[in-house]
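>
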Amino acid sequence: MRIRVGALGLLILGISYAPVTVAEAPAWKIGLLLCFSGDCAADGVSARQGATIAAAEINANGGVLGRMIEFDLQDTAEAVSGAKAVSAYRALRMNRELKYILGPSWTPAGLALAPIVSRDRDVIMMSPSLGAAEFHLAGDNIFNIRGTDEISSRTEARYAYGLGARTAAIMSSQQPWEAQQAAFFEDEFTKLGGKILVKEEPLPTVTDLRSETLRITQHKPDVVFLASIVLMDETAKELQNLRYSGPKIASTIDEVRIAESAGALNGAVFYSFQKPEGDFRSKYQTTYGRLPEGPAAMAYDAIYAFTKAVRASASFDPQTVKKQLLAVNFEGASGNIQFDAQGCAIRSPQAWRVEGASYVALDT
4 MRIRVGALGL LILGISYAPV TVAEAPAWKI GLLLCFSGDC AADGVSARQG
54 ATIAAAEINA NGGVLGRMIE FDLQDTAEAV SGAKAVSAYR ALRMNRELKY
104 ILGPSWTPAG LALAPIVSRD RDVIMMSPSL GAAEFHLAGD NIFNIRGTDE
154 ISSRTEARYA YGLGARTAAI MSSQQPWEAQ QAAFFEDEFT KLGGKILVKE
204 EPLPTVTDLR SETLRITQHK PDVVFLASIV LMDETAKELQ NLRYSGPKIA
254 STIDEVRIAE SAGALNGAVF YSFQKPEGDF RSKYQTTYGR LPEGPAAMAY
304 DAIYAFTKAV RASASFDPQT VKKQLLAVNF EGASGNIQFD AQGCAIRSPQ
354 AWRVEGASYV ALDT
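Start counting the sequence shown at 4; every next residue gets the next number (my numbering).
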């Protein structure tokens with residue numbers, strides 16, 4: 004799907020424009036290789052919306068080096084497998100003029116695509132919501148504007164130990180990112196002197212979690228770590244049914260998972276990055292009728308990072324632009340945007356606690 008963020012997008016955002024009669028320069032095509040279906044769709048849709056706001060603003064101010072941003076969309080449907088993402092990437096690359104890609108959304112696609120993209124030297128890819136280091140470490144043309152989630156999972160283990168927990172149960176899955184977060188938590192918790200009593204890692208497609216949650220409650224852990232996003236709401240509901248009342252700490256939580264848990268995640272704590280604030284927050288709410296999640300703000304910032312690097316290079320050549328991306332430093336909708344030498348955003352997670360239908364900052 005091709006989207007030209009022009010008059011309609013500007014009208015939606017309340018930005019005035021004037022028609023021109025001069026011949027237009029070729030559009031600057033950016034691929035949106037994101038999840039629009041399945042359990043990861045909320046992140047993909049959110050990212051697309053944030054990117055659309057950024058593109059509308061940039062196009063309203065003359066575009067980039069005289070060219071207007073135009074998006075080509077492909078669905079990765081990547082919650083548990085990266086197979087479709089590879090096909091979607093190849094579909095985007097049928098257009099050899101498309102050299103910039105925002106995506107993918109989650110780790111299954113990121114791990115499948117990283118070795119392919121790293122060999123395509125005329126492409127720059129940046130994920131707005133993927134927290135695995137293996138993605139951006141695969142090549143110097145791959146960037147991660149979210150940062151990695153290892154620091155969050157290790158911080159969560161230290162938080163649990165600080166609460167007085169000396170035993171823990173882990174609910175994870177065989178989905179790569181979820182298994183990684185479980186391993187990071189386990190490693191940090193045991194280093195501190197804690198003990199993992201039980202670790203459940205079913206397939207991410209399982210629908211009945213009664214056996215897994217029963218084993219967890221039978222071990223009577225001091226704390227339960229919910230590493231699985233895909234299975235999180237069902238896990239929380241089953242734990243509630245089994246009268247588990249101890250602390251719940253999660254790898255990350257969004258408002259989709261909160262809603263689907265029907266209150267079972269209330270009180271759960273997680274570490275993640277700051278909520279979108281400032282002008283972007285109000286623009287997004289005005290445009291889409293709800294408050295933005297992290298992927299929207301990070302996608303918005305990614306489009307601006309691309310734009311700033313292209314302008315600094317005075318070129319759309321990926322080999323030149325990727326060097327300028329390492330030098331960007333600006334205050335974005337998701338916080339300060341800087342990358343380390345490996346292309347990973349430099350971020351510090353903060354603590355959040357689920358309260359009602361959303362989550363609030365927790366003073367630790």
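Ideal placement from N, C-alpha and C gives every residue a C-beta, glycine not left out.
Out of Gln277, Tyr303, Ile104, point me to the one whose CA is closest to Ala59's CA.
Nearest of Gln277, Tyr303, Ile104 to Ala59, Cα basis: Tyr303.
> What is the DSSP secondary structure of Arg70, reduced to helix, strand or coil?
If DSSP states are grouped into helix, strand and coil, Arg70 belongs with the strands.
> Out of curiosity, what's the CA-to-CA distance linking Pro118 and Ala82?
Approximately 19 Å, taken between the alpha carbons.
> So is Leu328 buried or exposed if we call it buried at 16+ other beta carbons inside 10 Å?
Looking at its Cβ environment, which holds 16 or more other Cβ atoms inside 10 Å, Leu328 is buried.
> Let me confirm a value: Asn332 is counted as buried when at least 16 other C-beta atoms fall within 10 Å, else exposed. Which label applies?
With fewer than 16 other Cβ atoms within 10 Å, it is exposed.
> Please confirm whether Thr323 and Ile61 have their CB atoms less than 7 Å apart.
Not in contact: Thr323 and Ile61 (Cβ atoms no closer than 7 Å).
> So which of Thr158, Gln178, Ser176 has the shortest CA-CA distance to Leu195?
The option with the nearest alpha carbon to Leu195 is Thr158.
> Within its chain, find whatever has a CB closer than 6 Å to the CB of Gly142; leave out the 5 residues flanking it on each side and keep chain order.
Excluding sequence neighbours, Gly142 sits near Ser121.
> Using three-state DSSP, classify Gln221 as helix, strand or coil.
DSSP places Gln221 in helix when its eight states are reduced to three.
> Can you name the residues that DSSP bridges to Ala94?
Per DSSP, none; premise fails for Ala94.
> At which residues does the alpha helix (DSSP H) containing Arg157 begin and terminate?
Element bounds for Arg157: 153-165.
> Mind checking whether Gly34 and Leu101 have CB atoms under 7 Å apart?
Yes.
> Rounded to whole angstroms, how far is the Cβ of Glu153 from the Cβ of Met174, which I believe are closer than 8 Å?
The Cβ separation is near 19 Å, so there is no contact.
> Measuring alpha carbon to alpha carbon, tell me which residue in Thr110, Gly359, Trp31, Ala239 is nearest Ser248.
Closest by alpha carbon: Ala239.
> Flag this pair as yes or no: are the beta carbons of Ala54 and Ile349 separated by less than 7 Å?
Not in contact: Ala54 and Ile349 (Cβ atoms no closer than 7 Å).
> Could you check whether Asp225 and Ala168 sit closer than 7 Å to each other, using their CB atoms as the reference points?
Yes, they are a contact pair.
> Going along the chain, which residues of its own chain have a beta-carbon closer than 7 Å to the beta-carbon of Ala44, five neighbours each way excluded?
Excluding residues within five positions, the ones whose Cβ falls inside 7 Å are Cys38.
> Leaving out the 5 sequence neighbours to the left and right, which residues in its chain are closer than 6 Å to Ala28 when beta-carbon positions are compared?
Taken in chain order, the residues that qualify are Gly69, Arg70.
> With a 10 Å radius around its C-beta and 16 neighbouring C-beta atoms as the bar for buried, classify Gly65 as buried or exposed.
With fewer than 16 other Cβ atoms within 10 Å, it is exposed.
> Going by DSSP, what residue range makes up the beta strand (DSSP E) through Ile33?
Looking at the DSSP string, the run of the beta strand (DSSP E) that includes Ile33 is 31-37.
> Could you please give the first and the last residue of the uninterrupted alpha helix (DSSP H) stretch that includes Ser316?
Element bounds for Ser316: 297-316.
> To which residues does DSSP link Ser130 through a beta bridge?
Answer is Asn147, bridged to Ser130.
> Helix, strand or coil, according to DSSP, for Gln353 in the structure here?
Reduced to three states, the DSSP call for Gln353 is strand.
> In whole angstroms, what separates the C-alpha of Glu73 from that of Tyr103?
In a straight line, the C-alpha of Glu73 is about 11 Å away from that of Tyr103.
> Keeping to the same chain, check which residues put their C-beta closer than 6 Å to that of Leu200; ignore five residues upstream and five downstream.
So the list reads Thr170, Ala172, His222, Pro224, once near-sequence residues are dropped.
> So, with DSSP's three-state summary, where would you put Asp190?
It is helical.
> List the DSSP bridge partners of Met235.
In the DSSP output, where bridge partners are listed per residue, Met235 has none listed.
> Quick one: measure Cβ to Cβ for Val126 and Pro295, integer angstroms, because I've assumed they're closer than 8 Å.
Wrong, their Cβ atoms sit about 27 Å apart, outside the cutoff.
> Spatial neighbours of Ala312 within its chain, please: CB distance less than 7 Å, with the 5 preceding and 5 following residues excluded, ordered by chain position.
These residues qualify, in order along the chain: Val324, Gln327, Leu328, Val331.
> Can you give me the start and stop residues for the beta strand (DSSP E) that Glu100 sits inside?
No beta strand (DSSP E) holds Glu100; DSSP gives it neither H nor E.
> Assuming the contact rule is C-beta atoms closer than 8 Å, Phe228 and Ile256 should be a hit. Round their C-beta distance to whole Å, please.
With 8 Å as the limit, Phe228 and Ile256 do not qualify as a contact, their Cβ atoms being about 12 Å apart.
> Whole angstroms are fine: how far does the CA of Arg260 sit from the CA of Pro179?
One C-alpha to the other measures close to 19 Å.
> Just reading off the alpha helix (DSSP H) that Glu380 is part of, what are its end residues?
Given a span of 4 to 367 for the chain in the structure shown, any question on residue 380 remains unanswerable.
> Go through its chain and collect everything with a Cβ distance to Asp236's Cβ below 6 Å, but skip five positions before and after it.
Around Asp236: Arg260, Glu263, Ser264.
> Using DSSP with H/G/I as helix, E/B as strand and the rest coil, what is Glu263?
Helix at Glu263.
> Please list, in chain order, all residues of the same chain as Glu137 whose beta carbon is under 7 Å from its beta carbon, the five residues on each side excluded.
Result list for Glu137: Leu114, Ala117, in chain order.
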